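Working notes for the structure below.
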Amino acid sequence: MTCFMFNQWKLYANGELPPAESKGLEQHAVECPQCQIKLQEWVDYMLEEEFSAYPEVPVPDTFTDEVMSKLFEEVPVRTARKRSSRTRRQRGWDIVKKTGLVVAGLTALVVTGTAVSPTFANYVNSLFQIEKDADSGMKNAVNKGLVQKLEQKITDQGITFEAKELMADSMRIAIIFDMYDQNGKQIEDHSMKLQLIDSNGKDWLAEDGREESGSSHGQFFITELSLNDIFESAEATPDQLTLKIVPTDIEGKTGKWELEIPVDMKKAKEATKTVAFKDAVYQSPQGLELKLKQIEFSPSATRVMLDSTVPKSAYVEFERAVLMYDKDHPEGVHITNKKVEPTLSGGDIAYEITNEKGEVVAARDMFGLDKGIAKKKNVLYVSGLSSKQEGDITKWWHTFGPLQGEQKLKFQLQKVYENKLASPKFDLIPEDLNKKAATFKDETGSSFTFSSFSWTPASGEEKGKAVIIVEGTLGKDVVSIRYWYVKDENGKTYYATLNPESTRDKDGRVHFKGELVIPKLEQAPKRLTICYPEYTVEHHVNWEVPFEIK
Amino acid sequence: MPDDQELIEQILAGDHEQYRQIVDRYKGKIVGYLYRMIGNMPDAQDLAQDVFIKTFYRLHDYRPEYRFSSWLYRIASNHCFDEMRKRKRTEQVEIDEEQLIDLDTPETTLLKKERDTELERSIMLLDEEYREVFVLFYIHRLSYREISEQLSLSESSIQMRLFRARKKMRDSLAKTMGGGAIYEMLHV
Numbered sequence: 012m013t014c015f016m017f018n019q020w021k022l023y024a025n026g027e028l029p030p031a032e033s034k035g036l037e038q039h040a041v042e043c044p045q046c047q048i049k050l051q052e053w054v055d056y057m058l059e060e061e062f063s064a065y066p067e068v069p070v071p072d073t074f075t076d077e078v079m080s081k082l083f084e085e086v087p088v089r090t091a092r093k094r095s096s097r098t099r100r101q102r103g104w105d106i107v108k109k110t111g112l113v114v115a116g117l118t119a120l121v122v123t124g125t126a127v128s129p130t131f132a133n134y135v136n137s138l139f140q141i142e143k144d145a146d147s148g149m150k151n152a153v154n155k156g157l158v159q160k161l162e163q164k165i166t167d168q169g170i171t172f173e174a175k176e177l178m179a180d181s182m183r184i185a186i187i188f189d190m191y192d193q194n195g196k197q198i199e200d201h202s203m204k205l206q207l208i209d210s211n212g213k214d215w216l217a218e219d220g221r222e223e224s225g226s227s228h229g230q231f232f233i234t235e236l237s238l239n240d241i242f243e244s245a246e247a248t249p250d251q252l253t254l255k256i257v258p259t260d261i262e263g264k265t266g267k268w269e270l271e272i273p274v275d276m277k278k279a280k281e282a283t284k285t286v287a288f289k290d291a292v293y294q295s296p297q298g299l300e301l302k303l304k305q306i307e308f309s310p311s312a313t314r315v316m317l318d319s320t321v322p323k324s325a326y327v328e329f330e331r332a333v334l335m336y337d338k339d340h341p342e343g344v345h346i347t348n349k350k351v352e353p354t355l356s357g358g359d360i361a362y363e364i365t366n367e368k369g370e371v372v373a374a375r376d377m378f379g380l381d382k383g384i385a386k387k388k389n390v391l392y393v394s395g396l397s398s399k400q401e402g403d404i405t406k407w408w409h410t411f412g413p414l415q416g417e418q419k420l421k422f423q424l425q426k427v428y429e430n431k432l433a434s435p436k437f438d439l440i441p442e443d444l445n446k447k448a449a450t451f452k453d454e455t456g457s458s459f460t461f462s463s464f465s466w467t468p469a470s471g472e473e474k475g476k477a478v479i480i481v482e483g484t485l486g487k488d489v490v491s492i493r494y495w496y497v498k499d500e501n502g503k504t505y506y507a508t509l510n511p512e513s514t515r516d517k518d519g520r521v522h523f524k525g526e527l528v529i530p531k532l533e534q535a536p537k538r539l540t541i542c543y544p545e546y547t548v549e550h551h552v553n554w555e556v557p558f559e560i561k
Numbered sequence: 016m017p018d019d020q021e022l023i024e025q026i027l028a029g030d031h032e033q034y035r036q037i038v039d040r041y042k043g044k045i046v047g048y049l050y051r052m053i054g055n056m057p058d059a060q061d062l063a064q065d066v067f068i069k070t071f072y073r074l075h076d077y078r079p080e081y082r083f084s085s086w087l088y089r090i091a092s093n094h095c096f097d098e099m100r101k102r103k104r105t106e107q108v109e110i111d112e113e114q115l116i117d118l119d120t121p122e123t124t125l126l127k128k129e130r131d132t133e134l135e136r137s138i139m140l141l142d143e144e145y146r147e148v149f150v151l152f153y154i155h156r157l158s159y160r161e162i163s164e165q166l167s168l169s170e171s172s173i174q175m176r177l178f179r180a181r182k183k184m185r186d187s188l189a190k191t192m193g194g195g196a197i198y199e200m201l202h203v
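Protein chains in written order, with the working numbering: chain A, 12 to 561; chain B, 16 to 203.
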């Protein structure tokens, strides 16, 4: 099954999506493994394209000899050690965040020469505590004593790699480290490889091909490893792990800077509470089956784990207009595309977790819903995958900020969203819109007012473009219309895109306003038929699962 | 002739001599790219050697489901931008020192001003989403990673935005300044 957003990537890559839609897709990719791959494919494609634009230059044979001699005469030993598994996928290591803390400010806190405790201590003056980029979850984990001061360092070729602090929670591990030369000058140009090894010698990151590299000058470095997609529960996490950090390249030099940091996960595991649910299954009348499996509460995060299944009957054929780019149409061409997709998804739901006072402590809503009408609270975007497909079941792992302390809570499923096919047609004469707006109603009970038409003729590589202002009120329970297309007087179909700003009125009806943009429209149309092939409705649900953190 | 995939398998299996074929296969392309970006051949060749050495050490990270060339280009372009960042910093210091003895003639000042105006104009023509990334990367010389933190976007998204921005900049500058002007104007 391909992601619902797949059609958008070509438009995105060619800069055809409106900014908000582009940003939405980029944010979606952070959570969607399929789209992460798609995005990387596009980056690669653009790279290939860019490189193909540069002419090859003649390079003397001695060039290759020099590379080979540099490789095998200077550091022949390293090559053998570097080999490892080759079936890799990207996962795990998150973006290195730089600490918002200058080195000078730390001298009072970093006491050297004290004995290193191999266990976690309640380390009050933690760097994590005062680091502005550490999220509330990290800080909370530190408060719970899941931080260990490290004084491990190694120097080779005049360069010192020093691990300063480790935060180990059952959901994630973070390290603050530094790298500097003999004059104490910090080195930001570095990359390193990580291994997370259990007592049997298994490297849990063995499939992870990613390397880390440095950040800004004059500050420490902090990097975070998500355990979310490695271990399915706190119990499944080994008690003892060893984090091996292997800098592979510091300022272009290779050397021996490996550090092995023992990570005692017992305290992190003890600090993580898990509520497992039995038979907490919701069956929506539309056919979506949702199973609340468990919720984990660690000091640094809360993880809601759900399984979803969609019946075969929920798969329908959608037909959308898209702008396609290929070899024959490097400038892009409007085509229509058919795709069979489910109308329901475990990702297209809205739920809340409330406490005894009825306060919402965490909430999640359908991805891609306009932020003006989406209800989200305490959502934490930690690294790692948020869903994976296993047979017919899709597993969803949603992460929120920490929820701590004994309390009675309630998981409340509030909405299941569904995509529906539609076939409205609004015929209008574009030129007339500037004199008088045109209003239409359709079978969903939605009304649309089109006004202010403008068309920009082609200039340079940019082909023409038309823009129509659309304002409307969606029918009862309709929340969004994602895909649009138009037909001109000759019956030719064009992809169109709307980037709305939405609000809800007191009756829950969605009002929106935005620009409907028709890119690559070479001639000003005399007549236009505006259509949308599908729309999203919300089904209100009141399914509650009470539980208790003990 | 063995394809890239076969060669890499052999190299990873210990037949390091096969790497020679990879270098021969791509050196013209990599040096060509770096020459265009950096502007002089000796530096371009030095950097290209670094790229091939780096690539060799990272071969175990190469994932066969992707094209080898894309992966190599990724390493080359990252290495190039790292180098450009370093140079920009050094250049900044040199400029400051130069200014103390005031080497600027009225002609060079005027030329510089014209170029800056042209550059600024074409930057302003970029859509906001591209402009901010372009400015952070080329003017402030932040890394992909730093920009991704600042804008809460993935590094791949930053790369994509930069591709788009570069293309738009190239198009708009080509009209007024001729091809290739973008790199000259960004002092790389």
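Each residue gets a CB set at the ideal place from its N, CA and C atoms; glycine is no exception.
All values reported here derive from a predicted model rather than from experimental measurement.
Excluding residues up to 5 positions away in sequence, SER181, ALA279, LYS280, THR283, THR285, GLU307, SER309 lie with their Cβ nearer than 8 angstroms to the Cβ of ALA245/A in the same chain.
Collapsing the DSSP output to three states places CYS95/B in a helix.
Under the three-pair Cβ rule at 8 angstroms, the segment 235 to 255 of chain A counts as touching the segment 268 to 276 of chain A. C-alpha of ARG538/A to C-alpha of THR460/A: approximately 16 angstroms in a straight line. Sixteen is the threshold: since fewer than 16 other Cβ atoms of the shown chains lie within 10 Å of the Cβ of ASN348/A, the residue is exposed. Between the C-alpha atoms of TYR145/B and TYR153/B there is a straight-line separation of about 12 angstroms. Buried is the label assigned to ARG176/B, since at least 16 other Cβ atoms lie within 10 Å of its Cβ. When the five nearest sequence neighbours on each side are left out, the beta carbons in the same chain lying within less than 6 angstroms of the beta carbon of VAL371/A are those of GLU363, THR365, LYS388, in order along the chain. In this model, ASP72/A and ILE37/B are separated by some 13 angstroms (Cα to Cα).
Residue-level contact by beta carbon fails for VAL150/B and chain A, as no gap is shorter than 8 angstroms.
At a cut-off of 8 angstroms between beta carbons, ILE68/B contacts chain A. Chain-ordered listing is empty here: chain B has no CB closer than 9 angstroms to the CB of GLU269/A, the nearest sitting near 14 angstroms. Inclusion of GLN47/A and LEU36/A in the CB contact set at 8 angstroms is not warranted, their separation being larger than that value.
If you look at PHE62/A, you'll find it in the alpha helix (DSSP H) that goes 44 to 63.
Taken through DSSP and simplified to helix, strand or coil, VAL68/A comes out as coil. Identification of residues in the segment 40 to 53 of chain A having a C-beta nearer than 7 angstroms to some C-beta of chain B yields ALA40, VAL41, LEU50, GLN51, TRP53, given in sequence order. C-alpha of GLU32/B to C-alpha of GLU77/A: approximately 13 angstroms in a straight line. Rounded to whole angstroms, the Cβ separation of GLU60/A and GLY43/B is 18 angstroms, and the two are not in contact under 8 angstroms.
Of the residues ASP200/A, GLU555/A, TYR23/A, ALA24/A, the one whose Cα lies closest to the Cα of ALA291/A is GLU555/A. Burial is judged here by how many other beta carbons sit within 10 angstroms of a residue's own beta carbon; HIS201/A has at least 16 and is buried. Contacts between MET99/B and chain A, judged by CB atoms closer than 7 angstroms, are missing: the closest CB pair is about 12 angstroms apart. With fewer than 16 other Cβ atoms from the protein chains shown falling within 10 Å of its own Cβ, ARG515/A counts as exposed. When the five nearest sequence neighbours on each side are left out, the beta carbons in the same chain lying within less than 7 angstroms of the beta carbon of LYS183/B are those of LEU141, TYR145, in order along the chain. Within the model, the alpha-carbon separation for LYS21/A versus TYR546/A is close to 22 angstroms. Relative to the Cα of ARG89/B, the nearest Cα in the group LEU177/A, TRP53/A, MET178/A belongs to TRP53/A.
Taking C-alpha positions only, ARG160/B is separated from LEU151/B by approximately 11 angstroms. Taking 8 angstroms as the CB threshold, TYR153/B stays off the interface with chain A. Under a criterion of Cβ atoms nearer than 8 angstroms, the residues of chain B adjacent to PRO69/A are, in order, GLY43. With its beta carbon at least 8 angstroms from every one in chain B, VAL528/A lies outside the interface. At the C-beta level, LEU414/A and GLY357/A stay beyond 8 angstroms of one another. Of the residues assessed, LYS150/A falls on the buried side of the cut-off, its CB having 16 or more other CB atoms within 10 angstroms. Going by C-alpha positions, LYS531/A is about 43 angstroms away from GLU21/B. Counting only the Cα atoms, GLN25/B lies some 9 angstroms from TYR34/B.
Taking C-alpha positions only, VAL490/A is separated from THR455/A by approximately 11 angstroms. For ARG73/B, no alpha helix (DSSP H) encloses it, and the DSSP letter there is neither H nor E.
One thing to note: LYS426/A has its Cβ within 8 angstroms of the Cβ of HIS551/A.
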